[in-house]
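Everything below concerns the one structure shown next.
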Amino acid sequence: MYTFKGGTHIKEYKLTKDYEIERIEAPDRVAISMSQHIGAPCTPVVAAGDEVLVGQVIGTVPDGALGCPVHSSVSGKVVGTEIISGSTGNRETCVVIENDKEDRPSPEIKPPEGRITEMTKDEIVSVIRAAGITGMGGASFPSYAKINSAAGHVDRVIVNCAECEPFITADHRLLLEHPERVVGGLKTIMISLGVKEAFIAVEDNKKDAARRLAAVVGQSDMISVCLMKTKYPQGDERQLIYALTGTELPMGMLPMDAGCVIFNAGTCAAIYEAFSTGMPLVKRIVTVTGDCVKKPGNYIIPIGMKVSDVVNKCGGLVREPIKAVFGGPMMGRAEFSLDTPVKKGTSAILLLSELFDTKPTPDPECIRCGKCVANCPMRLMPAYIAQYSRLGDMASAEKFGAMSCVECGTCSYNCPAGIEIVQYIRSAKNNIKAEQRRIAALRQKES
Ligand code: SF4
Ligand code: SF4
Numbered sequence: 480m481y482t483f484k485g486g487t488h489i490k491e492y493k494l495t496k497d498y499e500i501e502r503i504e505a506p507d508r509v510a511i512s513m514s515q516h517i518g519a520p521c522t523p524v525v526a527a528g529d530e531v532l533v534g535q536v537i538g539t540v541p542d543g544a545l546g547c548p549v550h551s552s553v554s555g556k557v558v559g560t561e562i563i564s565g566s567t568g569n570r571e572t573c574v575v576i577e578n579d580k581e582d583r584p585s586p587e588i589k590p591p592e593g594r595i596t597e598m599t600k601d602e603i604v605s606v607i608r609a610a611g612i613t614g615m616g617g618a619s620f621p622s623y624a625k626i627n628s629a630a631g632h633v634d635r636v637i638v639n640c641a642e643c644e645p646f647i648t649a650d651h652r653l654l655l656e657h658p659e660r661v662v663g664g665l666k667t668i669m670i671s672l673g674v675k676e677a678f679i680a681v682e683d684n685k686k687d688a689a690r691r692l693a694a695v696v697g698q699s700d701m702i703s704v705c706l707m708k709t710k711y712p713q714g715d716e717r718q719l720i721y722a723l724t725g726t727e728l729p730m731g732m733l734p735m736d737a738g739c740v741i742f743n744a745g746t747c748a749a750i751y752e753a754f755s756t757g758m759p760l761v762k763r764i765v766t767v768t769g770d771c772v773k774k775p776g777n778y779i780i781p782i783g784m785k786v787s788d789v790v791n792k793c794g795g796l797v798r799e800p801i802k803a804v805f806g807g808p809m810m811g812r813a814e815f816s817l818d819t820p821v822k823k824g825t826s827a828i829l830l831l832s833e834l835f836d837t838k839p840t841p842d843p844e845c846i847r848c849g850k851c852v853a854n855c856p857m858r859l860m861p862a863y864i865a866q867y868s869r870l871g872d873m874a875s876a877e878k879f880g881a882m883s884c885v886e887c888g889t890c891s892y893n894c895p896a897g898i899e900i901v902q903y904i905r906s907a908k909n910n911i912k913a914e915q916r917r918i919a920a921l922r923q924k925e926s
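Numbering (our numbering), first residue to last: 480 to 926.
And the structure:
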């Protein structure tokens, strides 16, 4: 069984793993964010009063900027734009569209002509960019840019099907119900990169999914379905690469330095869709769960649907949530409001009551138990970094490797003293980055 050093076993709460994927009816209005990916946000190319169709481009980035277009998930009329607060407090522009419920597709939606095997890397990349495909595991890096930067530098593709965060089962259901889409997308990526080896990495709590994938892959010298030990954070890129290849990647090195490039299962399925039907990324599978929602499940949700509308379609609330988290409980982010719309990177919506709230310990003191050190997958000394961050000594926090922290939260989860270690480390990282930017700006001014 493939695994990595450190990490921890977390109660899984995979309450929705047996719930088949259901389509949710699109709401009366969607608010589609122009900040869907890492890179430059999109600028709206539609205005109030414009008629739009499903799959029509409504936002673009300038040529040469990192980013890809955003498309409408419904047909109807543009009402205007609104500003929402993202989970980090950033302000995001959304295009608001009134849904005519006719689901009229854009005439531009058609699969690319010709066989994929005869397409060049640039042709494949341009289809993926035009379809607005970004990493769907949460990081939201534009997939075309990942392929471009990996081309010529990698000899292996890894499909990340670990889904190691508690609660989330969207990828599990995708693998069970549509394994051919994941494998099809993977083959397209392999063709674009000219790569002859791929691993599909599945945690061993999803053996049923691994069997379905293996059946689709069949006898292959190129693609292997690999069972990974169920342990958090198995889905972290560095841990996946270590588990599968034995190569350790310190901070500053990228997966391609180990000859690997990693794509999430949902991203592969979106690539498959773009090549088989021409439909861009306008909807995705989202696990809606937690102890507050009446009908939890795995739903196909249009991009831009607000959480409040999702909750209504899921039968409403059985109790008041104190937190709405996009993503998993370990690395996801709590949102400011239930009016936040679903984005391309939203794998799950967790609606959690106070039963899941861990009350912060007032003035917690480290008891030097060493659990955070023993479990850190990056082999850091989290207690020291957190302590330096608390004291405002960022130079020491950096010296102890703060920037190598992948913010998996394993240290905080295991700390018996209840110290919010990862929050202190995040704060140190932000301060260190701010200082680095300040110094870079000064140097630029001087030169
Ligand atoms: S220090 Fe960072 S990488 Fe290590 S366990 Fe804590 S959050 Fe994870
Ligand atoms: S786990 Fe908590 S109490 Fe134990 S050494 Fe780390 S910071 Fe200190």
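All C-beta atoms in this analysis are idealised placements derived from N, C-alpha and C, irrespective of residue type, glycine included.
Chain-order list of residues whose beta-carbon lies under 7 angstroms from that of residue i (same chain, five-residue window excluded)
i    : result
C894 : K850, C851 and I900
A624 : L545
E877 : I911
C582 : According to the sequence as given, residue 582 is Asp; it is not Cys. So the qualifying residues of the chain are V533 and S554.
S564 : R570 and F815
Residue i versus residue j - alpha carbon distance
i    : j    : result
G534 : C855 : 43 angstroms
V662 : F754 : 13 angstroms
R635 : V558 : 46 angstroms
S699 : C705 : 13 angstroms
K496 : T648 : 5 angstroms
C771 : F646 : 13 angstroms
S883 : M730 : 5 angstroms
S514 : S554 : 21 angstroms
T837 : K908 : 24 angstroms
L834 : R798 : 11 angstroms
P841 : G897 : 9 angstroms
V536 : V606 : 14 angstroms
K506 : G528 : The residue asked about is misnamed: residue 506 is Pro in this sequence, not Lys. Taking the straight line from one Cα to the other gives about 19 angstroms.
Y903 : R660 : 41 angstroms
K600 : A853 : 43 angstroms
P586 : G617 : 30 angstroms
R763 : P584 : 17 angstroms
T667 : I603 : 8 angstroms
T613 : I846 : 43 angstroms
S832 : N743 : 29 angstroms
C573 : E561 : 5 angstroms
T567 : E597 : 43 angstroms
C848 : C887 : 20 angstroms
K580 : A629 : 41 angstroms
I637 : I750 : 15 angstroms
Sequence-distant residues of its chain with Cβ nearer than 6 angstroms to residue i (five each side left out)
i    : result
G714 : N639, A641 and C643
G811 : V804 and F805
G795 : K773
Y498 : G776 and N777
C547 : R608, G611 and P621
K493 : T648
G783 : V509, A510, I511, S552 and P820
I702 : A677 and V696
Y711 : G486, T487, I489 and C643
Exposure of residue i, with buried meaning 16 or more beta-carbon neighbours within 10 Å
i    : result
H488 : exposed
Q923 : exposed
M809 : buried
R717 : buried
I741 : buried
K484 : exposed
T768 : buried
I918 : exposed
C739 : buried
L723 : buried
A920 : exposed
S868 : buried
E530 : exposed
E752 : buried
M732 : exposed
L719 : buried
Beta carbon proximity, residue i to chain C, threshold 8 angstroms
i    : result
F620 : Going by chain labels, chain C is absent from the structure shown, which holds only one protein chain.
Cβ shell of residue i (< 8 angstroms), same chain only, five flanking positions each side left out
i    : result
V789 : I503, V765, V767, Y778, I780, V821 and I828
M480 : D683, L706, M707 and K708
G880 : M730, M857, L859, M860 and I864
V681 : C640, A641, L654, A688, A689, L692, V704, C705, L706 and M707
E914 : M873
In chain order, each beta strand (DSSP E) run of at least 3 residues that lies wholly inside the segment 776-820: 776-781 and 802-805
Let me have the residue list for ligand 2: C-beta closer than 7 angstroms to any non-hydrogen atom, ordered along the chain. C845, I846, R847, C848, G849, K850, C851, V852, P861, A862, A865, C890, N893, C894, P895, A896, I898 and I900
Of all the beta strand (DSSP E) runs that stay within the bounds of the segment 673-731, which reach a length of 3 or more residues? 677-682 and 702-707
What are the start and end residues of each continuous alpha helix (DSSP H) run of 4 or more residues lying completely inside the segment 560-647, in chain order? 600-609 and 622-629
Whole alpha helix (DSSP H) runs in the segment 870-911 with 4 or more residues, listed along the chain? 873-878 and 889-893
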